[in-house]
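Since the structure comes first, as structure tokens, the remarks are kept for the end.
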Amino acid sequence: WNSLKNLTAGGNLDYAYKDGVLYNSSYTKIVFVSGALQGEFVIPDTITELSEALFANARITSVVIPDSITVIPARAFQGCTELVSVKMPAALETIGMMAFEGCTSLKEITIPKTVHSTFDLTFWSRDGRENGYELTNDVDGIGHYAFGNCTALENVIFEAGGTKRLSIGDFAFYNCAGLTEIDLPDQLLEIGNAAFFGIPLTLLEPYKIGFLTTAPGGFFVFGILIAALNAISHGRAVKKKSFSCEGCPSA
2 WNSLKNLTAG GNLDYAYKDG VLYNSSYTKI VFVSGALQGE FVIPDTITEL
52 SEALFANARI TSVVIPDSIT VIPARAFQGC TELVSVKMPA ALETIGMMAF
102 EGCTSLKEIT IPKTVHSTFD LTFWSRDGRE NGYELTNDVD GIGHYAFGNC
152 TALENVIFEA GGTKRLSIGD FAFYNCAGLT EIDLPDQLLE IGNAAFFGIP
202 LTLLEPYKIG FLTTAPGGFF VFGILIAALN AISHGRAVKK KSFSCEGCPS
252 A
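Sequential numbering of the sequence shown, starting at 2, is according to this note's numbering.
Below, the structure written as structure tokens:
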């Protein structure tokens with residue numbers, strides 16, 4: 002498979018193979034990616050879904066994901082150590098767990114404004130004395146370890162104009178020590194544990210990480226728990242241990 006470039010099977014109407022990629026016959030799904038796929042790759046715009054770990058460890062240097070894709074599944078590009086650039090689809094909704102983990106050559110990523118989370122707010126009480134809301138059945142817009150260990154990543158750009166709430170999963174940008182620019186969006190609802198562990202602390206100063214306080218439900222908050230009051234458009238809530246913050250005052 003690793004050296005196979007093209008395959009023609011007489012009478013086989015189920016699959017088509019070209020340049021290291023096996024498609025179904027209608028070119029709506031990629032079934033398999035072989036080691037023969039290298040360099041730049043443009044996913045055909047007829048593809049409507051990707052499978053988990055589909056491109057994992059592939060030797061691609063750039064990839065264009067068509068607008069027909071709304072979900073990048075778990076481990077889709079994990080370990081693509083030669084991947085430098087990614088063109089995200091305009092209508093992307095979810096970036097799965099470990100989707101780009103270990104892409105150690107990736108320099109910049111733009112998160113489309115359509116990426117968002119799905120969650121329920123559940124009312125809770127404790128001994129009848131405290132009450133509030135907590136997140137349940139939540140699916141992070143940016144999954145756990147989604148860009149973890151992308152050590153060359155310098156810029157993370159969130160497109161402006163998002164209208165749906167976004168949460169960032171645990172360890173999502175873990176060990177992205179090369180980051181020089183990140184601008185968290187206004188619609189951010191939740192940041193997972195150690196999501197930015199290991200990034201330069203100066204990048205977090207605009208968000209006043211050292212002045213966070215605690216609130217019921219296990220969140221650090223900017224004065225208000227936006228899970229309960231999501232009408233506050235510029236508030237941001239983050240879980241504990243979201244940042245590597247040596248020297249910050251304890252809450």
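By construction, the Cβ of each residue, glycine as well, lies at the ideal position given by its N, Cα and C atoms.
Does the beta-carbon distance from P186 to L204 come in below 8 Å?
no
By a C-beta neighbour count over all protein chains shown, 10 Å radius and 16 as the cutoff for buried, is A147 buried or exposed?
Classification for A147: buried.
Let me know the secondary structure DSSP gives T29 once reduced to three states.
coil
Mapping the DSSP letters down to three states, classify L204 as helix, strand or coil.
Judged by DSSP in its simplified three-state form, L204 adopts helix.
Could you give the first and the last residue of the continuous beta strand (DSSP E) run that contains T111?
Here the beta strand (DSSP E) through T111 covers E109 to I112.
Proximity winner among L23, F42, N194 and L180, relative to I200 (alpha-carbon distances):
L180
Using the beta-carbon count (16 or more within 10 Å), is A161 buried or exposed?
exposed
G36 versus P45, F56, S26 and E50, residue with shortest Cα-Cα distance
F56
Backbone CA spacing between E102 and D15 [nearest angstrom]:
32 Å
Quick one: Cα of V64 to Cα of I143, how far?
About 19 Å.
Taking 8 Å as the cut-off, decide whether the C-beta atoms of I73 and L107 are in contact.
no
Can you name, in chain order, every residue of its own chain whose Cβ lies under 8 Å from the Cβ of T105, other than the five neighbours on each side?
T82, N150, C151, T152 and A153
Using the Cα positions of Q188 and V116, report the straight-line distance between them to the nearest angstrom.
11 Å
Coil, strand or helix - N176 by DSSP:
coil
Integer-rounded CB distance, given that I96 should sit under 8 Å from P67
Not confirmed; about 16 Å, so no contact.
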